[in-house]
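If you read the protein sequences in the order shown, they are chains A and B.
The first sequence: position 77 = 77 (full-length UniProt numbering), numbered continuously.
The second sequence: position 16 = 16 (full-length UniProt numbering), numbered continuously.
Just so it is clear, CB atoms sit at the ideal spot from N, CA and C, and this is done for glycine as well.
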Amino acid sequence: MKALLNQALGAAGVVLALALTACGGTTTAGGSASSSASSGGTLTVFAAASLTATFTELGHDFEAAHPGSKVNFNFGGSSDLVSQLQNGAPADVFASADQTNMTKATNAGLAAGTPQVFATNVLEIAVPPSNPAGIHTFQDLTKAGVRLVVCAQQVPCGSAAQKAAKAAGLTLKPVSEEQSVTDVLGKVISGDADAGLVYVTDVKGAGSKVSGVAFPESSAAVNSYPIVALKDSKNAALAQEFVDFVRGAQGQKVLGDAGFGAP
Amino acid sequence: MPASARPEPRGYSGLPRWIYLPAALGVLFVLVPLAGMLTRVDWLHFIPLITSDSSLAALRLSLETAVASTAACLVLGVPMALVLARGPVRGRRWLRALVLLPLVLPPVVGGLALLYTFGRLGLVGQWLDIVGVQLAFTTLAVVMAQTFVSLPFLVVSLEGALRTAGGRYEAVAATLGAAPTHVFWRVTLPLVAPGLASGLVLSFARSLGEFGATLTFAGSLEGVTRTLPLEVYLQREVDPDAAVALALVLVVVAALVVGVAYGRRLAGAVSA
């Protein structure tokens, strides 16, 4: 009965999808990309949202260094990217913002080789430029009346915050546990939070809208960014070249300028 | 709604047969994805997943805030609908468009608007801050976010009902000497009660599903601002099974609310 229902629903879904495709008149681009020359071809890179600025720049650099090549990016939360890959999204390279999600990808048999760490990132306290709550140390975050915003433990920046707090022997009492670094930063920029725990690169990226307060306890929670070429890549050679490019001198320069640490 | 006000000629269905094909496709388009979600539910652990402390806290908060925001919609929306439908307002078309704006805005835009208005440095918030009132990160902020996005649903439903009902009964009541307030309570409101009810149900359902504005304006803290949609989004990060289970709870609650209240009202309107 249940199988029958599933079949019926599946069939209905196919009919529906076909009908919608017909309505929209969408045609999928031919999938026969040239896979011979490693210098030409199109790459699809799935990269963590926090890499948006640096990887966009690196993409242009890579295209310039490999005439005839084109790099397309899909930026998003690392866990979203992994689940998209697991559900069959076509991609050539995956760059994760943490080891946990890269492990998910390798466990699912998506990687073509062993992931390599290409950058690191540490936490920093972001405060409004006027620093209304007078935050100068990690301990200051636990002062009464300080409205602290952190990432939820479920997301990488949140687990890093927990690690740092544990290393400092403190219990953080945030007024909000946000879903992403962007959300934390937004609350600091708007002035509603007195302090937020984000990455060094986020503080740097926000320019003059926030100030950063570095703290030694952050070394207890260094976050590593691994990258790997994917098994289903139609252009394996070029994919590996992109990975090497990110890990090479030019890639490291761009990443370093954005505040990322060396692997 | 206008259709149910005018009875159709008996025995005339008036539908070309081919109409049923796109209609059926439309129904499938809504139902098949829900069925697709059902196939991913981990039934074995369903109960533990949805009865965890954080899940229950989120469900409870969602229901409480949705009730509160629906009440706010009632208090603010009924007068708005009345003024829009009956009041001698110039530029009514533009006013209506403005009032309905949250309907088409991405919720995150609504959240930003609220944040920069009622946030600590915001247009209104900076004055509230002086007297010690801070809204961001409070449950009240959740209610405000939900009210912001839900209000148009009530106003649209009720304004439609008011227009369909017309002003004849009110005019009669007034000529018989009833004061405007008396007419409002005894004639207008009972007349549009079904429209009001459906508007309230829609507002409640929309509040239940509110996500973007809440996250942007109110933040996310268990038991304080983390409603069910926020919990679903967060759980998806680490535990897709829990996310799907909670998503199903949200769908069921929403379907119950809309089905029981809205369905009954429509059935009533048809048989009446």
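Checklist entry - Can you give the Cα-Cα distance for Phe-118 (chain A) and Thr-137 (chain A), rounded to whole angstroms? => result Here residue 118 (chain A) is taken as the residue at index 118 of the first sequence, counted from 1. Here residue 137 (chain A) is taken as the residue at index 137 of the first sequence, counted from 1. Thr-137 (chain A) has its alpha-carbon roughly 29 angstroms from the corresponding atom of Phe-118 (chain A).
Checklist entry - Comparing the C-beta of residue 274 (chain A) with each C-beta of chain B, is any distance below 9 angstroms? => result In the structure displayed, chain A extends from 1 to 263; residue 274 (chain A) sits before or after that span and is not available.
Checklist entry - Looking only at its own chain, which residues have a Cβ that is under 6 angstroms from the Cβ of Glu-222 (chain B), when we skip the five neighbours before and after it? => result Looking up residue 222 (chain B) in the second sequence gives position 222. Within the same chain, Glu-222 (chain B) has close Cβ partners Ser-54, Ala-57.
Checklist entry - Quick check: the stretch 211-227 of chain B against the stretch 100-111 of chain B, are there 3 or more CB pairs under 8 angstroms? => result A contact between stretches requires three or more CB pairs, one per stretch, nearer than 8 angstroms, and the stretch 211-227 of chain B meets this requirement with the stretch 100-111 of chain B.
Next on the checklist: Quick check on Thr-21 (chain A) - is its C-beta less than 9 angstroms from some C-beta in chain B?
Outcome noted: Residue 21 (chain A) sits at position 21 when you count from the first residue of the first sequence. Any reading at Thr-21 (chain A) must be qualified, since the residue scores a pLDDT of 47, below 50, and its modelled position is unreliable; the value itself is stated next. Residue-level contact check: Thr-21 (chain A) does not touch chain B, since none of the beta carbons of chain B fall below 9 angstroms from its beta carbon.
Next on the checklist: Considering only their Cβ atoms, is the gap separating Phe-73 (chain A) from Thr-56 (chain A) smaller than 9 angstroms?
Outcome noted: Your numbering for residue 56 (chain A) matches position 56 in the first sequence. Your numbering for residue 73 (chain A) matches position 73 in the first sequence. The answer is yes: Cβ separation under 9 angstroms.
Checklist entry - Hey, Lys-173 (chain A) and Ala-221 (chain A): beta-carbon distance below 9 angstroms or not? => result As a working note, residue 173 (chain A) is residue 173 in the first sequence. As a working note, residue 221 (chain A) is residue 221 in the first sequence. No, the pair does not count as a contact, with Cβ atoms beyond the cut-off.
Item to check | Closer than 9 angstroms at the beta carbon, the chain A residues around Leu-136 (chain B) | outcome: Counting from one through the second sequence, the residue named residue 136 (chain B) turns up at place 136. It is worth fixing the name first, because residue 136 (chain B) is Ala in this sequence and not Leu. The contacting residues are Arg-147, Val-175, Ser-176, Lys-187, Ser-190, Asp-192, Ala-193.
Item to check | First and last residue of the uninterrupted alpha helix (DSSP H) at Thr-181 (chain B) | outcome: Here the question's residue 181 (chain B) lines up with position 181 in the second sequence. From DSSP, the alpha helix (DSSP H) with Thr-181 (chain B) extends over 180-183.
Item to check | Residues in the stretch 148-170 of chain A having any Cβ partner in chain B nearer than 8 angstroms | outcome: The residues in question are Val-149, Ala-152, Gln-154, Val-155.
Checklist entry - Does the separation of the CB atoms of Ala-112 (chain A) and Leu-81 (chain A) fall below 9 angstroms? => result As a first step, residue 112 (chain A) must be located in the first sequence, where it is residue number 112. As a first step, residue 81 (chain A) must be located in the first sequence, where it is residue number 81. No. Outside cutoff.
Checklist entry - On the three-state DSSP scale, how would you describe Arg-40 (chain B)? => result Numbered from its first residue, the second sequence carries residue 40 (chain B) at position 40. Coil.
Checklist entry - What are the boundary residues of the alpha helix (DSSP H) that Asn-87 (chain A) is part of? => result The count along the first sequence starts at 1 and reaches residue 87 (chain A) at position 87. Membership of Asn-87 (chain A) in any alpha helix (DSSP H) is not indicated, and neither H nor E is assigned to it by DSSP.
Checklist entry - Using CA coordinates, which residue listed in B:Gly-212, B:Val-30, B:Ala-193, B:Gly-166 is at the minimum distance from Glu-178 (chain A)? => result What you label residue 178 (chain A) is simply residue 178 of the first sequence in a count that begins at 1. Checked all of B:Gly-212, B:Val-30, B:Ala-193, B:Gly-166; the closest Cα to Glu-178 (chain A) is B:Gly-212.
Next on the checklist: Could you compute how far the alpha carbon of Arg-147 (chain A) sits from the alpha carbon of Ala-193 (chain A)?
Outcome noted: Residue 147 (chain A) sits at position 147 when you count from the first residue of the first sequence. Residue 193 (chain A) sits at position 193 when you count from the first residue of the first sequence. C-alpha separation (whole angstroms): 5 angstroms.
Item to check | Boundaries (first-last residue) of the alpha helix (DSSP H) holding Gly-195 (chain B) | outcome: As a position in the second sequence, residue 195 (chain B) is number 195, starting the count at 1. For Gly-195 (chain B), the enclosing alpha helix (DSSP H) starts and ends at 193-209.
Checklist entry - With respect to 8 angstroms, is the separation between the Cβ of Val-122 (chain A) and the closest non-hydrogen atom of the ligand MG below this value? => result Within the structure as shown, the ligand MG is missing, as the structure has no ligands at all.
Checklist entry - What residues match up with Ser-69 (chain A) in a beta bridge as DSSP calls it? => result Numbered from 1 along the first sequence, position 69 holds the residue referred to as residue 69 (chain A). Among the bridge pairs identified by DSSP, Ser-69 (chain A) is matched with A:Gly-41.
Checklist entry - Under 9 angstroms, do Val-213 (chain A) and Ala-126 (chain A) count as touching if we go by C-beta distance? => result Walking along the first sequence from the start, residue 213 (chain A) turns up at place 213. Walking along the first sequence from the start, residue 126 (chain A) turns up at place 126. Yes. Within cutoff.
Next on the checklist: Please classify Pro-128 (chain A) as buried or exposed, where buried requires at least 16 neighbouring CB atoms within 10 angstroms.
Outcome noted: Residue 128 (chain A) sits at position 128 when you count from the first residue of the first sequence. Per the 10 Å Cβ criterion, buried.
Checklist entry - Apart from the five residues on each side of it in sequence, which residues of its chain come closer than 8 angstroms, Cβ to Cβ, to Met-37 (chain B)? => result Here residue 37 (chain B) refers to the residue found at position 37 of the second sequence. So the list reads Val-244, Ala-247, Leu-248, Val-251, once near-sequence residues are dropped.
Checklist entry - By Cβ distance below 8 angstroms, which residues in the same chain neighbour Val-257 (chain B) in space, the five residues on each side in sequence not counted? => result Within the second sequence, numbered from 1, the residue matching residue 257 (chain B) stands at position 257. These residues qualify, in order along the chain: Val-201, Phe-204, Ala-205, Leu-208.
Checklist entry - According to the Cβ coordinates, are Val-122 (chain A) and Ile-227 (chain A) closer than 9 angstroms? => result Residue mapping note: residue 122 (chain A) aligns to position 122 of the first sequence, counting from 1. Residue mapping note: residue 227 (chain A) aligns to position 227 of the first sequence, counting from 1. No. Outside cutoff.
Item to check | Residues of its chain near Pro-122 (chain B), where Cβ-Cβ distance is below 8 angstroms and the 5 sequence neighbours each way are ignored | outcome: Translated into the one-based positions of the second sequence, residue 122 (chain B) becomes position 122. The sequence shown places Gly at residue 122 (chain B), not Pro. Within the same chain, Leu-115, Tyr-116 come within 8 angstroms of Gly-122 (chain B) by CB-CB distance, once the 5 residues on both sides are set aside.
Next on the checklist: Nearest by alpha-carbon distance to Ala-81 (chain B): which of B:Val-156, B:Pro-102, B:Gly-26 is it?
Outcome noted: For the purposes of this step, residue 81 (chain B) is taken as the residue at position 81 of the second sequence. Taking only the C-alpha atoms, the option nearest Ala-81 (chain B) is B:Val-156.
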